[in-house]
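**Q**
In the UniProt record's numbering, the protein residues as written are 1 to 494.
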């Protein structure tokens, strides 16, 4: 029977590191205030191929010491790594998630495969919320750096289920080609093929910033440039699962980037469906009709499940947004196209109802604005409502790349204006709703000190005014559709 004394071995080697006796390598870590580590080449070479290759390249100085500089690795990260190399012990206690991720990148650079696998698994098992919060950055890095397949798979699973996580990200256009192709290959990507096509076109255009903005200005050379950019992506588009209407509307304008035979076959499919074609026909994606509503069963003509999850995270004041398993159900109370667009309708149908979210889709711009009121609405009195927990917002869309959250931060007694007698509903001045939302065009947003920030871009927000009638017409808007939801916790659905 073999007896193993690993603890003693680990402690002795760690002591050797701390003493620096007989060291033959000096490693300078960090840029400013670099820290010097006196280490032993024989130990580092035996533990890492990276160090073996590096030390073979470096010659001894006059003191018989080899000097290696690692300016891109922080002292905090390297301190953990070098203790692992010597003692085989590894502690992430009290390390921030961002430092653990930096630790992963550094371990990968130093070819510490055991550590790379361990750190990826740790991040997914224990820091998944943080990974989702930093999703775009993490996903992009996982494809820029080799050997992060575990992180890649985790990200791809999220994208397949919630594609807007990446397609509506402000960093989508900078997504590496390999990452984009890995998404396109997914049979379970939960996005209509015509929308996938639109996103691919926009990604390709971003890679060719000199292309004219207007398509009617494009020459054959412009189409050739886009075709070359997208040549590895196009084979993964399921063209034969796009409706005829979308083919005419979205594919025809870019027909020059398609192989001629493919374009003929796409046309043939709609003209003579039974006629054989020579192009490869990829199977349809496995779109799950229940996916959008699995975690939040609600019916909305304006917002998606991802939007609902984001609003729920704001209600709970979560720094990390919910990605799935919404703790709330959105119960539809009012819809403009069904119940009427006058603000008085909201008061009548939501009388004495607490915890409501109002969602507005603006006419013309497609912006989605709204607000959350934890207090009840009253249809029989005009009064200001005191609350510290309400907020207004705008939600990300194809045109609006990031959502905006504006919480009430002071003057809490003027957070919500409940004013049914003059058909007015206000979240301070940050969102002012008036009269018939669809026909009167009397709604607006004003610069407010009660709320943390404007929920529209600066040019669409009115400066402060003495009274609502002083707001200039250029800042007024009407509503294409609106909805009001009661927010219910899942254990109290009555």
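For each residue, glycine too, the CB sits at the ideal point set by N, CA and C.
1) Relative to the alpha-carbon of residue 152, which residue among 380, 117, 428 and 337 has its alpha-carbon at the smallest distance?
2) Find out if the Cβ-Cβ distance for the pair residue 105, residue 68 is shorter than 8 Å.
3) Within 10 Å of its beta-carbon, does residue 196 have 16 or more other beta-carbons around it, so buried, or fewer, so exposed?
4) Leaving aside the five residues before and after residue 432 along the sequence, list all residues of the same chain whose C-beta is less than 6 Å from its C-beta, in chain order.
5) May I ask which residues mark the beginning and end of the alpha helix (DSSP H) holding residue 97?
6) Residue 362 lies in the beta strand (DSSP E); which residues open and close that run?
7) For residue 131, report the span of its alpha helix (DSSP H) as first-last.
8) With which residues is residue 288 paired in a DSSP beta bridge?
9) Take the Cβ of residue 71 as the centre, count every other Cβ of all protein chains shown within 10 Å, and call the residue buried at 16 or more, exposed below.
10) Bridge partners of residue 485, per DSSP?
11) What residue range does the alpha helix (DSSP H) around residue 47 cover?
12) Might you give, ordered along the chain, the residues of its own chain that have their beta carbon closer than 6 Å to the beta carbon of residue 265, omitting 5 neighbours on each side?
13) According to the Cβ coordinates, are residue 386 and residue 413 closer than 8 Å?
14) Can you tell me where the beta strand (DSSP E) with residue 395 in it begins and where it stops?
15) If residue 176 sits next to residue 144, beta carbons under 8 Å apart, how far is it from one beta carbon to the other, in whole angstroms?
16) Cα-Cα, which of 285, 111, 126 and 25 is closest to residue 98?
17) According to DSSP, which residues form a beta bridge with residue 370?
18) Just curious, the alpha helix (DSSP H) that residue 155 is in, first and last residue?
19) Which of helix, strand or coil does DSSP assign to residue 293?
20) Whose CA, out of 110, 206, 76 and 351, lies closest to the CA of residue 170?
21) Output needed for residue 52: all residues of its chain with C-beta closer than 7 Å, excluding positions within five of it in sequence on either side, in chain order.
22) In three-state terms, what does DSSP make of residue 425?
23) In or out: residue 219 buried (at least 16 other Cβ within 10 Å) or exposed?
24) Please classify residue 343: is it buried, with 16 or more other beta-carbons within 10 angstroms of its beta-carbon, or exposed?
25) Is the Cβ-Cβ distance between residue 75 and residue 103 less than 8 Å?
26) Compute the Euclidean distance between the alpha carbons of residue 1 and residue 9, then round it to the nearest angstrom.
27) Just how far apart, CA to CA, sit residue 246 and residue 269?
28) Any idea if residue 381 is buried or exposed, counting beta-carbon neighbours within 10 angstroms, 16 or more meaning buried?
29) Taking a contact to mean a Cβ-Cβ separation below 8 Å, would you say residue 25 touches residue 65 in this structure?
30) Within 10 angstroms of its Cβ, does residue 91 collect 16 or more other Cβ (buried), or is it exposed?
31) How about the region 401 to 420 and the region 450 to 470: do they share at least three Cβ pairs that are nearer than 8 Å?
32) Please list the terminal residues of the continuous beta strand (DSSP E) segment that includes residue 404.
33) What residue from 63, 160 and 482 has the CA that sits closest to residue 334's CA?
34) In angstroms with no decimal places, state the Cα-to-Cα distance between residue 496 and residue 39.
35) Taking 8 Å as the threshold, find out whether the region 183 to 201 comes into contact with the region 240 to 254 through three or more Cβ pairs.
36) Please classify residue 83: does DSSP put it in a helix, a strand, or coil?
**A** Put simply:
1) In the chain shown, counting from the first residue as 1, residue 152 sits at position 152. Nearest option by C-alpha distance: 117.
2) Locating residue 105 in the chain shown gives position 105, counting from the first residue. Locating residue 68 in the chain shown gives position 68, counting from the first residue. Contact: no.
3) Locating residue 196 in the chain shown gives position 196, where the first residue counts as 1. With 16 or more Cβ atoms within 10 Å of its Cβ, residue 196 is classed as buried.
4) If you number the chain shown from 1, residue 432 lands on position 432. Excluding positions up to five away in sequence, the list reads 426 and 444.
5) Residue 97 sits at position 97 when you count from the first residue of the chain shown. Start and end: 97 to 109.
6) The residue you call residue 362 lines up with position 362 of the chain shown. Start and end: 356 to 362.
7) In the chain shown, counting from the first residue as 1, residue 131 sits at position 131. Looking at the DSSP string, the run of the alpha helix (DSSP H) that includes residue 131 is 128 to 133.
8) The residue labelled residue 288 in the question sits at position 288 within the chain shown. Beta-bridge analysis with DSSP links residue 288 to no other residue.
9) For the purposes of this step, residue 71 is identified with residue 71 of the chain shown, where counting begins at 1. Label assigned to residue 71: exposed.
10) By one-based count along the chain shown, residue 485 stands at place 485. For residue 485, which the question treats as bridged, DSSP gives the partners 332 and 357.
11) Along the chain shown, one-based indexing puts residue 47 at 47. Taken as a continuous stretch (DSSP letters only), the alpha helix (DSSP H) holding residue 47 covers 41 to 47.
12) For this step, residue 265 is matched to residue 265 along the chain shown. For residue 265, where only same-chain residues beyond five positions count, the Cβ hits under 6 Å are 277 and 279.
13) The residue labelled residue 386 in the question sits at position 386 within the chain shown. The residue labelled residue 413 in the question sits at position 413 within the chain shown. Yes.
14) Here residue 395 refers to the residue found at position 395 when the chain shown is read from its first residue. Taken as a continuous stretch (DSSP letters only), the beta strand (DSSP E) holding residue 395 covers 391 to 395.
15) Within the chain shown, numbered from 1, the residue matching residue 176 stands at position 176. Within the chain shown, numbered from 1, the residue matching residue 144 stands at position 144. Right, the Cβ-Cβ distance comes to about 6 Å (below 8 Å), so this counts as a contact.
16) Taking the first residue of the chain shown as position 1, residue 98 is located at position 98. Nearest option by C-alpha distance: 126.
17) Numbered from its first residue, the chain shown carries residue 370 at position 370. Paired residue(s): 359 and 393.
18) On the chain shown, residue 155 is found 155 positions in, with the first residue counted as 1. Following the DSSP letters along the chain, one finds residue 155 inside the alpha helix (DSSP H) bounded by residues 149 to 161.
19) In the chain shown, counting from the first residue as 1, residue 293 sits at position 293. With a pLDDT of 37 at residue 293, under the threshold of 50, the predicted position of this residue should be treated as unreliable, though the coordinate-derived value follows. Of the three classes helix, strand and coil, the one that applies to residue 293 here is helix, per DSSP.
20) As a first step, residue 170 must be located in the chain shown, where it is residue number 170. The residue with the shortest Cα to Cα distance from residue 170 is 206.
21) For the purposes of this step, residue 52 is taken as the residue at position 52 of the chain shown. Only 45 meet the Cβ criterion.
22) Numbered from 1 along the chain shown, position 425 holds the residue referred to as residue 425. In the structure shown, the three-state DSSP call for residue 425 is strand.
23) Locating residue 219 in the chain shown gives position 219, counting from the first residue. With fewer than 16 other Cβ atoms within 10 Å, it is exposed.
24) The sequence position of residue 343 within the chain shown is 343, counting from 1. Per the 10 Å Cβ criterion, buried.
25) In the chain shown, residue 75 corresponds to position 75, counting from 1. In the chain shown, residue 103 corresponds to position 103, counting from 1. Cβ distance not < 8 Å, so residue 75 and residue 103 don't count as in contact.
26) As a first step, residue 1 must be located in the chain shown, where it is residue number 1. As a first step, residue 9 must be located in the chain shown, where it is residue number 9. Between residue 1 and residue 9, the C-alpha separation is close to 19 Å.
27) The residue labelled residue 246 in the question sits at position 246 within the chain shown. The residue labelled residue 269 in the question sits at position 269 within the chain shown. Straight-line Cα distance between these residues: approximately 14 Å.
28) For this step, residue 381 is matched to residue 381 along the chain shown. It counts as exposed.
29) Within the chain shown, numbered from 1, the residue matching residue 25 stands at position 25. Within the chain shown, numbered from 1, the residue matching residue 65 stands at position 65. Cβ distance < 8 Å, so residue 25 and residue 65 count as in contact.
30) Here residue 91 refers to the residue found at position 91 of the chain shown. It is exposed - the Cβ of residue 91 has fewer than 16 other Cβ atoms within 10 Å.
31) yes
32) Taking the first residue of the chain shown as position 1, residue 404 is located at position 404. Looking at the DSSP string, the run of the beta strand (DSSP E) that includes residue 404 is 404 to 407.
33) Here residue 334 refers to the residue found at position 334 of the chain shown. Nearest option by C-alpha distance: 482.
34) Any property of residue 496 remains undetermined from this structure, which presents the chain solely from 1 to 494.
35) yes
36) Mapped onto the chain shown, residue 83 falls at position 83. Three-state result, residue 83: helix.
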